[in-house]
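**Student:**
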Amino acid sequence: MEIKDELTGWYRQYHRKLIFRESGDPYAIWVSEIMAQQTRIDTMLAYYERWMKDYPTIEALASAPIEKVLKSWEGLGYYNRARKLHEGAQMVVRDYQGQLPANLEQLRAIPGIGNYTAGAIASIAFKMRAPAVDGNVLRVISRLLLMADDISSQKTHKKVYDLVYDLMADSDPSDFTQGLMELGALICTPLAWKCEQCPLKAKCQAYAAGRQAEFPVKKAKKAPAEVDLITIIVPKENQLLLCRDWQDGLMEGFMRLPQFTELKTEHLKHLMKKKHVFSHRIWHMDVYLADASQIELKPGWEYVSLEQLDNLSIVTAHRKIIDQYRRKYL
DNA sequence: TACACGTGGAT
DNA sequence: TATCCAAGTGT
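Quick note: the first sequence, position 285, residue 285 per UniProt numbering, numbers continuous.
Below, the structure is given as structure tokens:
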């Protein structure tokens, strides 16, 4: 049997029943693809369901204020995805009467839609013969063929794209695309692969050679920079001091606790130490309690009532600190 | 090309 | 605890 038939047959029998696979609505598929980027399916599911209730159509998303959109994304990470999805919705309303175009080039020109997502939407929503090369596909294909190319290079992506394009000839593009990704997610996993259950095991070179662990080939990423910070909690009459005046460009549009690289702390009460790991940097935070009279207000700083706290977009690192502080001291 | 960009789960 | 990483995109 050909790979495309093994794969689509396996997919039809064994795929997970995921809520975003049900409607077939191109917008729903778009949202799910953006949310799934670099994110576990289990993690994004709750966000997805809430999102589709809050913004059931492209028009609804396009007309929502960005502050609300970011609040909906709070905790999911990579917040540029939410901004671009919002911009993208506005573009689709403006240029395409609110309908996603069934055209690779035009999809690719929508903010937040890159090569992978364009291929995913085209093949899954519009049944086009369009490869969607993601991390799963790179892993599956590189093992299948013992591909020694570094999967972080564009050249490799192009090579895999062309291979997949050939492989998916005369198949159902939607089941093929999702099948390849589902295989990577459930069977051909980075660790603890389940080759005995794989529909492609008879054709897989890595399986035959017992060299699954060596693929895919990718170069090591550099270690995140570590930063020591002094973070302060300043309560005042049932309020807490928050600010918007950061300079690091991280999580733009979200509020934080005031934070310093240097601050005299001898008159402050030390509350806790916290470590927060980002993909590219690490915050080591010493959290102190300060009295409102000890702190000079700067532009962009404001006291926020505890009731308002839940409705604001706050960076996750500090949301956790605030929650812990409230549980322990309030 | 290399790097910035978040978070939480698995091992 | 340390490490890796999970359906990438923009610059």
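We put the CB at the ideal spot given by N, CA and C, even for glycine.
Closer than 8 Å is the cut-off here; do at least three beta carbon pairs connect the segment 44-54 with the segment 140-151?
**Tutor:** no
**Student:** In terms of residue numbering, what span does the beta strand (DSSP E) encompassing residue 302 cover?
**Tutor:** 301-305
**Student:** Which residue marks the beginning of the beta strand (DSSP E) containing residue 35, and which one marks its end?
**Tutor:** Per DSSP, residue 35 belongs to no beta strand (DSSP E); it is in the alpha helix (DSSP H), 26-36.
**Student:** Can you pull the DSSP bridge partners for residue 243?
**Tutor:** 256, 301
**Student:** Just the Cα atoms here: how many angstroms apart are residue 301 and residue 32?
**Tutor:** 35 Å
**Student:** For residue 333, does the count of other Cβ atoms within 10 angstroms reach 16, so buried, or fall short, so exposed?
**Tutor:** Any property of residue 333 remains undetermined from this structure, which presents the chain solely from 1 to 330.
**Student:** Excluding sequence positions up to five away, which residues of its chain have a Cβ less than 7 Å from the Cβ of residue 74?
**Tutor:** 313
**Student:** Residue 304 and residue 254 look like a contact to me (Cβ under 8 Å); what is the Cβ gap, rounded to whole Å?
**Tutor:** Contact flag wrong, Cβ pair sits at about 13 Å.
**Student:** Using 8 Å for Cβ pairs, my map puts residue 125 next to residue 24. What's the rounded Cβ distance?
**Tutor:** At roughly 7 Å, the Cβ-Cβ gap stays under 8 Å, so residue 125 and residue 24 are in contact.
**Student:** Tell me the rounded alpha-carbon separation between residue 148 and residue 329.
**Tutor:** 56 Å
**Student:** Got a sec, what are the start and stop residues for the beta strand (DSSP E) residue 288 sits in?
**Tutor:** 281-289
**Student:** Rounded to a whole number of angstroms, what is the C-alpha to C-alpha distance between residue 175 and residue 196?
**Tutor:** 22 Å
**Student:** Which same chain residues, not among the five before or five after residue 306, have their C-beta less than 8 Å away from its C-beta?
**Tutor:** 238, 239, 240, 326, 330
**Student:** Tell me which same chain residues have a C-beta within less than 7 Å of the C-beta of residue 331, skipping the five on either side of it?
**Tutor:** Since the first residue of the chain shown is 1 and the last is 330, residue 331 is not available in this structure.
**Student:** According to DSSP, residue 235 sits in a beta bridge with which residue or residues?
**Tutor:** Residue pairing from DSSP places residue 235 in a beta bridge opposite 240.
**Student:** Suppose you measure from the CA of residue 168 to the CA of residue 213; what does that come to, to the nearest Å?
**Tutor:** 26 Å
**Student:** On a CA-only basis, which of 294, 291, 290, 273 is nearest residue 284? Give me that one, please.
**Tutor:** 273
**Student:** Suppose contacts are defined by Cβ-Cβ distances below 8 Å. Is residue 110 in contact with residue 86 by that definition?
**Tutor:** Cβ distance not < 8 Å, so residue 110 and residue 86 don't count as in contact.
**Student:** Let me know the secondary structure DSSP gives residue 332 once reduced to three states.
**Tutor:** Residue 332 lies beyond the residue range present for the chain, which begins at 1 and ends at 330; the question has no answer from this structure.
**Student:** Go to residue 277, then tell me how far its beta strand (DSSP E) extends in each direction, as first and last residue.
**Tutor:** 269-277
**Student:** Just to confirm my understanding: we take residue 163, look at its own chain, exclude 5 residues before and 5 after, and list those with CB closer than 7 Å. What are they?
**Tutor:** 141
**Student:** Just to confirm before moving on: does the CB-CB distance between residue 37 and residue 78 stay below 8 Å?
**Tutor:** yes
**Student:** Go ahead and label residue 178 buried or exposed: buried means 16 or more other beta carbons lie within 10 angstroms of its beta carbon, across all protein chains shown.
**Tutor:** buried
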